[in-house]
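What follows is a single structure, written as structure tokens, with notes after it.
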Amino acid sequence: MKNNILIVAALFFTTIFYAQNQTVIGKWKTIDDETGKAKSIVEIYEKSGKIYGKVVEILDVEHKNNVCSECSGSDKNKPILGMIIIKGLTKEGVDYTNGKILDPKNGKSYKCTVTLESKDKLKVRGFVGISLFGRTQYWYRAK
């Protein structure tokens, strides 16, 4: 009987540990879908039940001090480093939807869907209107 209790307890704690690692929360290395080069590290976090993403590191030395000159509103001419580029995602099943993603390169904001493909791979889709009209990037958990 003691062995059964130990086995059940071990399975319980293993399941909890595994579930905690299966989250979009954390730091992600962004990969440019056009060039395949790593661009930045984005920290994804939860605030008031919604998901946000903030640029915490720019990997290309030449672009570390870039500002979002094409952005509008309060983001205009703000440094990209420290900028919140994912705003207001909510969890729906396995996806995070109903939010926006900002492309600092062109200053445009798009509807966004984020899906955890595996514990270390994130599918990020930005689109206009319906998801069919957009583009996808895969981000990888920063180690």
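Note that the sequence shown ends on residue 143 in the UniProt record's numbering; no numbers are left out. Here a beta-carbon is modelled for each residue, glycine too, at the ideal position from N, C-alpha and C.
Of the listed residues K39, I51, S74, nearest to I25 (C-alpha basis): I51
Let me check one thing: in DSSP terms, what residues is D103 bridge-paired to? K108
Tell me the start and end of each unbroken alpha helix (DSSP H) in the UniProt domain "DUF2147" (26-141) that is at least 4 residues and wholly inside, in chain order. none
From N65 to E92, what distance separates their C-alpha atoms? 36 Å
Buried or exposed: D75, going by 16 or more other Cβ atoms within 10 Å of its Cβ? buried
Does the Cβ of T30 have 16 or more other Cβ atoms within 10 Å, making it buried, or fewer, making it exposed? buried
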